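The block underneath contains the structure these notes are about, expressed in structure tokens.
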Amino acid sequence: MLVEEGFDVVREHEIESIFTVSNGYVGTRGSLAEGISLSNPATLISGVFDDVAVPGSVPELASGPDWTHTSFEVDGRSIHPEHGDNLEHRRILDLRSGLLWRCWRFRDAQGRVSRIRFLRLASLADRRVLFHSVVFSPENYSGGLKVRMALVPAPDRPDRLELVAEPAEPLPEASRPLLLRLSALNEPVRVAVTARTQSEGLEQTAPEEWKGRIDRGQSARLDRVVVVATSRESPDPVQAAVDHLQRAVPDDGDEIVSAHRQAWDRRWLESDVEIDGNDDSQRALRFAIYHLIGATHPEDEHVSVGARALTGTHYKGHVFWDTEMFVLPFFCLTHPPTARSLLMYRYHTLPAARAKARQSGFDGALFAWESATNGEDATPPLALSPDGQIIRIVSGEQEHHISADVAYAAWQYWEASGDDEFFASAGAEILLETAAFWKSRSERGDDGRYHIRRIMGPDEYHEGVDDNAYTNGMARWNLQRGVDAAEWLRERHRDRWDELARRLGLTDETLREWQTISNALATGFDPSTKLLEQFRGFFKLEEVSVRDYEPRTLPLDSLLGRERVLRTQIVKQADVLMLIYLLWDDYPPPVREANFRTYEPRTDHGSSLSPPIHAAYAARLGDVATAWRYFQQTAGIDLSNNMGNAAGGVHIGALGGLWQAAVFGFAGVQFSSESIDLEPHLPPAWSSMRFPLLWRGRRLVVRIEPTLAQVKSESEATVPIRLGGKPVTLGSGQTVRWIRADADAAWEKETP
Amino acid sequence: MNEAKWPSHVLVPLDGTAPSASVFPVAEQLARISRAPLHVLRVFTRHGPPDVSDQLGLTPEQVQGTIVEKAEGDAADGILAVAAGLKDVLIVMAMHGAVRPAGGMGSVAVKVVRSAACPVLIAHPGPHLWHWQFRRLLLPLNGSPDSASCICPAIRLMQLAGASASIVHVSAAARPAKAPGTLTTPRYVDQPQHEWPNWISEFLDRARYLCGIPKHVKLKFRMAKGDPAAEILRVAREEQSDLLVTSWKKVFELGRAATLKSIIRDAPCPVLILPIVS
Chain A
3 MLVEEGFDVV REHEIESIFT VSNGYVGTRG SLAEGISLSN PATLISGVFD
53 DVAVPGSVPE LASGPDWTHT SFEVDGRSIH PEHGDNLEHR RILDLRSGLL
103 WRCWRFRDAQ GRVSRIRFLR LASLADRRVL FHSVVFSPEN YSGGLKVRMA
153 LVPAPDRPDR LELVAEPAEP LPEASRPLLL RLSALNEPVR VAVTARTQSE
203 GLEQTAPEEW KGRIDRGQSA RLDRVVVVAT SRESPDPVQA AVDHLQRAVP
253 DDGDEIVSAH RQAWDRRWLE SDVEIDGNDD SQRALRFAIY HLIGATHPED
303 EHVSVGARAL TGTHYKGHVF WDTEMFVLPF FCLTHPPTAR SLLMYRYHTL
353 PAARAKARQS GFDGALFAWE SATNGEDATP PLALSPDGQI IRIVSGEQEH
403 HISADVAYAA WQYWEASGDD EFFASAGAEI LLETAAFWKS RSERGDDGRY
453 HIRRIMGPDE YHEGVDDNAY TNGMARWNLQ RGVDAAEWLR ERHRDRWDEL
503 ARRLGLTDET LREWQTISNA LATGFDPSTK LLEQFRGFFK LEEVSVRDYE
553 PRTLPLDSLL GRERVLRTQI VKQADVLMLI YLLWDDYPPP VREANFRTYE
603 PRTDHGSSLS PPIHAAYAAR LGDVATAWRY FQQTAGIDLS NNMGNAAGGV
653 HIGALGGLWQ AAVFGFAGVQ FSSESIDLEP HLPPAWSSMR FPLLWRGRRL
703 VVRIEPTLAQ VKSESEATVP IRLGGKPVTL GSGQTVRWIR ADADAAWEKE
753 TP
Chain B
250 MNEAKWPSHV LVPLDGTAPS ASVFPVAEQL ARISRAPLHV LRVFTRHGPP
300 DVSDQLGLTP EQVQGTIVEK AEGDAADGIL AVAAGLKDVL IVMAMHGAVR
350 PAGGMGSVAV KVVRSAACPV LIAHPGPHLW HWQFRRLLLP LNGSPDSASC
400 ICPAIRLMQL AGASASIVHV SAAARPAKAP GTLTTPRYVD QPQHEWPNWI
450 SEFLDRARYL CGIPKHVKLK FRMAKGDPAA EILRVAREEQ SDLLVTSWKK
500 VFELGRAATL KSIIRDAPCP VLILPIVS
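If you read the sequences in order, they're chains A and B.
Converting from the first sequence to our numbering requires adding 2 to each position, the first position being numbered 1.
Converting from the second sequence to our numbering requires adding 249 to each position, the first position being numbered 1.
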């Protein structure tokens with residue numbers, strides 16, 4: 003449960019984000035139904051973008067209708083939280099059931115005390131369905147109650163785009179469903195929202211109005227079910243919404259709630275990470291999992307997850323590498339259909355990625371740094387900083403690592419799921435086209451090595467550098483996996499290979515070139531120091547201790563200025579460390595250790611994506627104290643109440659990173675197509691952690707305590723597992739346990 | 250939204266010297282803008298004459314229409330006593346007398362600022378105030394709800410005067426504030442092209458609510474980095490601000506309120522000091 007007691011109006015925007023109900027198709031912020039001074043209600047529908055269509059504008063996720071708007075009057079006087087005494091006010095997000103509750107006791111100027119309870123959900127059982135219920139109870143009076151529930155376009159705000167109501171039709175009769183039609187101004191997308199309301203204790207007197215006399219001790223209840231449809235799924239969203247409401251949605255609100263609860267139960271069974279010993283960690287992880295599940299729609303492969311998911315309009319709903327590198331691993335091991343769907347979104351944007359590569363002078367596919375509807379790059383070219391500087395944004399032009407990131411995610415999903423059909427039909431093409439990109443992006447130098455010049459890695463403080471270690475390392479990997487994918491296709495899916503080879507112009511010579519470039523691409527590795535240089539010349543830059551600037555509330559590029567930071571070794575976020583974290587087995591332990599000790603003190607964590615990777619990396623090193631510090635920092639990104647970070651939506655990448663810090667870091671889970679590996683390093687604050695994993699169709703339940711590691715198979719097939727590098731084959735329904743004398747001792751397999 | 254209310258009295262203490270009298274046009278204009286009675290106060294160390302009108306350092310035309318007050322004893326105590334009697338009042342006074350102290354404020358001003366429970370406007374005395382006009386207001390906001398909430402009176406004055414407002418937020422190396430609802434510059438700027446406009450929007454939304462600034466009032470936003478006092482003063486000069494508003498927690502001891510003291514010392518315009526009421 004996530005509980006917000008009372009009112010803190012200035013925090014309303016972040017509370018609305020945190021308390022969003024979402025099902026991957028539609029998300030509704032946790033705004034108060036009556037609306038208060040700082041309310042920012044928004045219902046966001048996945049894939050529904052608009053564009054102001056002026057030079058320099060980019061598509062942005064448009065705010066849909068406010069379907070929760072409710073107002074109350076008792077004997078003609080309004081009941082509103084800003085005009086009276088709020089004796090109690092509590093918002094409760096039931097993470098387990100995906101239900102947002104609100105309990106409100108209000109005393110008006112006449113001394114009348116009313117108790118109002120609200121329930122809201124975005125159905126996970128039927129993603130087009132939204133539901134809210136209101137129960138009104140007078141505590142110390144009897145009087146006339148009037149309730150209005152309206153379907154209205156989102157209120158106009160200067161920092162977002164709203165869907166607009168289409169020309170009004172005659173209001174439907176009270177007995178018919180309400181209908182609101184909206185459309186984007188400059189995009190060919192239309193949305194229809196229809197509602198049906200059932201009342202107990204009140205009479206409907208107008209399409210959106212209910213009245214009645216209500217006595218002390220009695221209650222009136224209104225249940226409203228709302229159905230959303232868009233022109234993305236149906237050419238006639240109005241008819242689709244009305245039909246769905248009439249044919250597929252139960253009349254009984256309790257049935258809707260029950261089906262929704264069951265859907266969440268199933269997802270939690272597949273996903274929950276249970277922590278004993280630290281309530282804050284437990285709450286943060288479940289908060290993360292709740293929003294990860296709510297952000298995604300496994301049955302729609304034409305949408306992905308924006309940086310703030312469906313919880314707010316900040317970042318315009320744009321899709322970054324956050325999705326593939328931070329969000330997707332959770333789904334690879336808990337809900338493969340969702341991971342597949344996210345990757346299919348990228349597959350469907352291959353035409354735009356090819357076009358971007360061509361426009362940039364390269365071959366293959368260069369995915370958009372910021373992607374919206376069709377994969378065309380939606381990165382704004384300029385930014386105006388609050389100190390009046392115009393910042394030229396080059397990430398859209400230079401952060402080419404996104405192509406390798408997508409390829410890595412496709413391969414990772416394939417390894418985790420064993421979904422050969424996906425890989426043959428889509429994943430391999432992603433690998434091949436991104437490998438083709440890296441081939442054209444690499445230049446052979448006088449030193450006989452290949453180089454990638456004028457590039458930007460995850461460390462966005464340094465633009466236009468040569469041989470960024472992350473980019474080159476991922477490109478090497480991508481080229482090699484391109485060769486592997488080609489060989490696999492040729493061997494297993496000859497027809498598909500022939501078709502792709504013909505269409506993409508792939509020959510044996512192409513594959514040999516990929517292999518050559520992969521082998522000869524500069525790495526920046528110095529065997530004498532065991533360090534990867536982040537880019538050529540990095541270690542010649544001024545060395546600055548990031549810790550000297552603590553404490554602070556802003557990133558160092560803001561504090562010191564971009565020009566100054568450009569000349570220093572200050573790193574925005576995990577870059578070399580991100581590479582090693584992703585390709586862990588490619589780097590021996592001394593290299594992992596040396597690079598962490600070098601780059602961690604130089605890292606500013608100017609991105610919310612950085613602390614979770616440092617947590618996971620440090621945990622894998624066994625540096626649990628450092629890992630714990632970064633884990634806690636990550637947990638506070640959205641949930642701390644004194645930073646305002648979450649006002650425009652939760653940081654879905656950091657939430658995915660938090661799950662990785664726990665499962666890939668503290669539990670030390672790694673996987674390949676061959677086995678599942680564990681290397682636990684539990685923080686002292688946790689007495690145990692327990693979580694399920696789904697690997698290649700086999701369900702496992704992992705339990706870790708300071709001196710015990712246990713894996714239980716709940717599937718028929720055998721599972722190869724390694725702990726501390728020692729392999730074990732887990733049979734159907736079997737449990738394997740390892741024990742150790744203390745936290746520093748080696749693990750030993752327990753013998754029965 | 251918080252309510253914006255401006256004091257219903259304006260009190261200007263004078264000691265008969267030209268420096269103290271030079272702030273009179275400021276007090277007069279503020280009283281006129283807000284339609285508040287203007288009280289002119291002369292404090293004597295001993296019994297003063299029955300009629301003090303000719304001992305204020307003002308012309309008869311200036312005195313006309315004011316309410317002349319008289320007090321005896323310590324100057325600061327006298328000012329504070331009269332202000333306490335008026336209850337809902339703004340004190341307008343010169344920072345110092347004929348000699349400018351190193352810290353900018355004379356001992357009377359220091360005592361009044363430190364002890365007054367009401368808003369105090371202080372200004373460096375001089376002829377530059379004779380033609381003072383209130384057109385541009387500068388609001389430095391540090392992102393904490395407390396300091397923003399007490400700005401409301403200045404917003405009311407701005408509306409009454411039809412003045413414009415600029416907000417400046419100075420980012421500095423500092424420990425994150427613990428108060429819930431505090432919004433400082435974002436610790437994480439994942440992508441500046443998105444983060445900055447979103448953050449400004451959020452900062453202004455909260456500022457409007459806390460300071461009582463209506464939606465239709467246009468605000469100019471400036472962010473600065475570095476020493477808060479130096480940056481606020483720089484922006485005040487660049488914006489040609491006529492009034493700089495600052496809030497503080499009434500702790501003026503050695504080593505505290507360094508920003509406030511620096512602003513007062515070097516302000517290019519009158520400074521309105523609003524006490525933070527917890």
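Don't be surprised by glycine CBs; every beta carbon is placed ideally from N, CA and C.
Quick caveat: nothing in here was measured; it's all calculated off a predicted structure.
Within the stretch 447 to 480 of chain B, 447, 448, 449, 450, 451, 452, 454, 455, 457, 458, 459, 470, 471, 472, 473, 474, 475 place their CB atoms closer than 9 Å to a CB of chain A, listed in sequence order. Secondary structure of residue 540(A) (DSSP, three-state): helix.
Buried is the label assigned to residue 725(A), since at least 16 other Cβ atoms lie within 10 Å of its Cβ. Ranking 615(A), 80(A), 224(A), 194(A) by CA distance to the CA of residue 245(A) puts 194(A) first.
Counting along the chain, the unbroken alpha helix (DSSP H) around residue 395(B) starts and ends at 394 to 398. Of the candidates 466(A), 476(A), 462(A), 476(A) places its Cα closest to the Cα of residue 439(A). Taking C-beta atoms as the reference points, residue 430(B) and residue 10(A) count as a pair closer than 8 Å.
Contact between the stretch 596 to 609 of chain A and the stretch 483 to 499 of chain A is absent, with fewer than three C-beta pairs closer than 8 Å. Under the Cβ criterion of 8 Å, residue 632(A) is not counted among the residues facing chain B.
By the 16-neighbour rule on beta-carbons within 10 angstroms, residue 53(A) is buried. By the neighbour-count criterion, in which a residue is buried when 16 or more other Cβ atoms sit within 10 angstroms of its Cβ, residue 326(A) is buried.
Around the beta carbon of residue 89(A), fewer than 16 other beta carbons sit within 10 angstroms, so the residue counts as exposed. Residue 610(A) belongs to the set of residues whose beta carbon lies under 8 Å from a beta carbon in chain B. Within 10 angstroms of the beta-carbon of residue 474(A) lie 16 or more other beta-carbons, which makes it buried. Between residue 521(B) and residue 494(B), the C-beta gap is smaller than 8 Å, which places the two residues in contact. Sorting 427(B), 302(B), 383(B), 391(B) by C-alpha distance to the C-alpha of residue 406(B) places 383(B) at the top.
Not a single C-beta of chain A is nearer than 8 Å to the C-beta of residue 411(B). Chain-ordered listing is empty here: chain A has no CB closer than 7 Å to the CB of residue 494(B), the nearest sitting near 19 Å. Taking the Cα positions, residue 109(A) is about 49 Å away from residue 514(B).
Distances from the CA of residue 145(A) to each of 31(A), 159(A), 399(A), 219(A) were compared; the closest alpha carbon is that of 219(A). Within the same chain, Cβ atoms closer than 6 Å to the Cβ of residue 312(A) are found at 24, 29, 46, the five residues on either side in sequence being excluded. Interface criterion met: the Cβ of residue 445(B) is under 8 Å from a Cβ in chain A. Residue 510(A) is positioned such that its CB atom lies no closer than 8 Å to that of residue 442(A). Take the alpha-carbon of residue 490(B) and the one of residue 182(A): they are about 49 Å apart.
The C-beta distance from residue 554(A) to residue 586(A) rounds to 31 Å, too long to meet the 8 Å contact threshold. Taking 8 Å as the threshold, the shortest C-beta distance from residue 432(B) to chain A falls below it. Residue-level contact by beta carbon fails for residue 239(A) and chain B, as no gap is shorter than 8 Å. Chain B places a beta carbon closer than 8 Å to that of residue 647(A), counting this residue as a contact.
Burial check for residue 250(A): the Cβ neighbour count within 10 Å stays below 16, so the residue is exposed. Cβ neighbours of residue 303(A) within its own chain (closer than 7 Å, five residues either side excluded): 343, 346, 347, 350. The Cβ-Cβ distance between residue 618(A) and residue 583(A) falls below 8 Å. Shown here, residue 368(A) sits in coil according to DSSP, grouped into three states, outside any helix or strand. Distances from the alpha-carbon of residue 681(A) to those of 671(A), 688(A), 372(A), 687(A) put 671(A) closest. With respect to the 8 Å criterion, residue 266(A) and residue 352(A) are not classified as neighbours on the basis of their beta carbons. Boundaries of the beta strand (DSSP E) around residue 87(A): 87 to 96. Fewer than three Cβ pairs drawn from the stretch 49 to 66 of chain A and the stretch 33 to 41 of chain A lie within less than 8 Å of each other, which leaves the two stretches out of contact.
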